[in-house]
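Here is the structure we will look at.
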Amino acid sequence: MSRVHRIIVAADFCCALLLLAAVSVASSPMPPDSPWFSRVLISNDDGIENPRLQVLVDAFAPHCEVWVVAPLVNRSGSSNYCSAFSSKTLAVEPRDLGEGVRAWGVDGYPADCVMLALTTLMKDSPPDLVLSGVNSSPNLADGWLASGTIGVVRTAAHRGFRAVAFSGLGDDPAMMSEVGAWALALCRSDLVRDLGPDAYLTASFPRVATHEIAGVRPARRAHTTYFNWFEPGGVDEQGRELWRLRHTRDDDAPEGTDQQLYNDGFIVVTPMRVGEFDAEVYDALIAEPGALPAWPGAGR
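The structure is reproduced here in structure tokens:
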């Protein structure tokens, strides 16, 4: 591969990247059985060179335009943190991920990649669908909160784009092929096409052989199945105490939750929403203004 050129993206997103997008290699013609989507954006948190990202690229590229904007390095556990708000710049490298695939590696985080793609690189040709993954480990129960894989689709959904995150793929080539085909089938469905504003899906695959998959189930999130704590880890060169993160998991999850169904060998699909506004509490506060303490002197 030829030497890549690094492009610095300022906070106002300079026009150089738009030029790159315009002169990228044209995608191949769409086949007669094209799905409802014609253009997808793919990102991840494991990095643009991760072979599991290529699983989605290879599955979708024959059917639609594929754009990839992903971190240059592993950014697992970053949730939807966006470093561009503090750094003001992103370094970007065009990459070759296959014929007709427009791809860039970014020195930021997954949310940076999505923001860059949706606000600038794809501004004039927005995606019909945003995909994330495939992550190497599942994102279940409370673990979804810190996931950069889910941070991708959460960020996309916040901006009004349909989005699906895929997690839990090992190194078995047969499983990789099956996961790609199943991901395409899911995204072609009415379920994904009809996702409403701020809605997204997450899917986690048991890391077993293809013939050991028990089926596919919708699932609620299990809560408090992951327990975190810190243990003393000595001191550093400056004499500061070090505390090491430890965690364990309670596999005895409630019936019908993602953790329980995953433990039983099912692919689990969980519908999610970005919005955290509590309309019920808001209505109660409007009905009872005295429920909030008054500020001394206000309203006189």
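Count the sequence shown with my numbering and you get residues 127 to 426, in order. Quick reminder that beta carbons are idealized off the backbone N, C-alpha and C, glycines included. Since the model is a prediction, treat every value here as computed from it, not as a measurement.
Quick check on residue 224: does DSSP put it in helix, strand or coil?
By one-based count along the sequence shown, residue 224 stands at place 98. DSSP places residue 224 in coil when its eight states are reduced to three.
Start-to-end residues for the alpha helix (DSSP H) that takes in residue 412
Indexing the sequence shown from 1 puts residue 412 at position 286. Segment 405-413, the alpha helix (DSSP H) holding residue 412.
Take residue 283 and list the residues in its own chain whose beta-carbon comes closer than 7 Å to its own, dropping the five residues that flank it on each side.
The residue labelled residue 283 in the question sits at position 157 within the sequence shown. Scanning its chain for C-beta atoms nearer than 7 Å, with the 5 sequence neighbours on each side dropped, one finds around residue 283 the residues 289, 324, 325, 326, 400, in chain order.
Nearest-angstrom Cβ-Cβ length linking residue 433 and residue 329, presumed shorter than 8 Å
Outside the displayed span of the chain (127 to 426) sits residue 433, for which this structure offers no information.
Test item: CB-CB of residue 275 and residue 263 under 7 Å:
Looking up residue 275 in the sequence shown gives position 149. Looking up residue 263 in the sequence shown gives position 137. Not in contact: residue 275 and residue 263 (Cβ atoms no closer than 7 Å).
Under 8 Å, with one C-beta from each stretch per pair, do the segment 191-211 and the segment 160-174 reach the 3-pair mark?
yes
In terms of residues, what are the limits of the alpha helix (DSSP H) holding residue 308?
Here the question's residue 308 lines up with position 182 in the sequence shown. Note, residue 308: alpha helix (DSSP H), 299-314.
Please state whether DSSP places residue 358 in a helix, a strand or coil.
Numbered from 1 along the sequence shown, position 232 holds the residue referred to as residue 358. Correct three-state label for residue 358: strand.
Where does residue 383 sit, in a helix, a strand or coil, going by DSSP?
Within the sequence shown, residue 383 is the residue found at index 257, counting from 1. Residue 383 sits in a strand when the DSSP states are folded into three classes.
Do you know whose CA, among 182, 181, 186, 170, lies nearest residue 198's CA?
Start at 1 with the first residue of the sequence shown, and residue 198 comes out as number 72. Of the candidates 182, 181, 186, 170, the one whose C-alpha sits nearest the C-alpha of residue 198 is 170.
Whether or not the segment 206-215 and the segment 224-240 are in contact is what I'm after, with contact meaning three or more pairs of Cβ atoms, one per stretch, closer than 8 Å; do they touch?
yes
Apart from the five residues on each side of it in sequence, which residues of its chain come closer than 6 Å, Cβ to Cβ, to residue 403?
Your numbering for residue 403 matches position 277 in the sequence shown. Hits under 6 Å: none found.
Residue 378 versus residue 386: straight-line alpha-carbon distance, rounded
The sequence position of residue 378 within the sequence shown is 252, counting from 1. The sequence position of residue 386 within the sequence shown is 260, counting from 1. Using only the alpha carbons, I get a separation of about 7 Å.
If you check the beta carbons only, do residue 260 and residue 292 fall under 7 Å apart?
Along the sequence shown, read from residue 1 onward, the residue named residue 260 stands at position 134. Along the sequence shown, read from residue 1 onward, the residue named residue 292 stands at position 166. The beta carbons of residue 260 and residue 292 sit closer together than 7 Å.
Whole-angstrom C-beta distance between residue 255 and residue 313, which should lie under 8 Å
Here residue 313 corresponds to residue number 187 of the sequence shown, with the count starting at 1. Here residue 255 corresponds to residue number 129 of the sequence shown, with the count starting at 1. Confirmed, Cβ separation roughly 6 Å.
Do residue 362 and residue 371 come within 7 Å of each other at the CB atom, strictly closer than that value?
Your numbering for residue 371 matches position 245 in the sequence shown. Your numbering for residue 362 matches position 236 in the sequence shown. No, these two residues do not count as a Cβ contact at 7 Å.
Classify residue 169 as helix, strand or coil using the three-state DSSP reduction.
Counting from 1 along the sequence shown, the entry for residue 169 is found at position 43. For residue 169, the secondary structure class from DSSP, reduced to helix, strand or coil, is strand.
Going by beta carbon distance, what residues of the same chain come within less than 7 Å of residue 149, once the five residues before and after it are set aside?
For this step, residue 149 is matched to residue 23 along the sequence shown. Here residue 149 scores only 35 on pLDDT, less than 50, and its place in the model should not be relied on; the value that follows carries that caveat. In its chain, beyond the 5 residues on either side, no residue has a beta carbon closer than 7 Å to the beta carbon of residue 149.
From which residue to which residue does the beta strand (DSSP E) around residue 182 run?
Numbered from 1 along the sequence shown, position 56 holds the residue referred to as residue 182. Per DSSP, residue 182 belongs to no beta strand (DSSP E); it is in the alpha helix (DSSP H), 177-186.
Counting C-beta neighbours from all protein chains within 10 Å, is the total for residue 408 16 or more, i.e. buried, or is it exposed?
Residue 408 sits at position 282 when you count from the first residue of the sequence shown. Residue 408 should be labelled exposed.
7 Å Cβ cutoff met for residue 227 and residue 218
As a working mapping, residue 227 is identified with position 101 in the sequence shown. As a working mapping, residue 218 is identified with position 92 in the sequence shown. Contact flag unset, no.
What's the call for residue 174, buried or exposed, on a 16-neighbour Cβ count within 10 Å?
Here the question's residue 174 lines up with position 48 in the sequence shown. Buried, by the Cβ-count rule.
What whole-angstrom Cβ distance do residue 347 and residue 396 have, given they're in contact under 8 Å?
The residue labelled residue 347 in the question sits at position 221 within the sequence shown. The residue labelled residue 396 in the question sits at position 270 within the sequence shown. Confirmed, Cβ separation roughly 6 Å.
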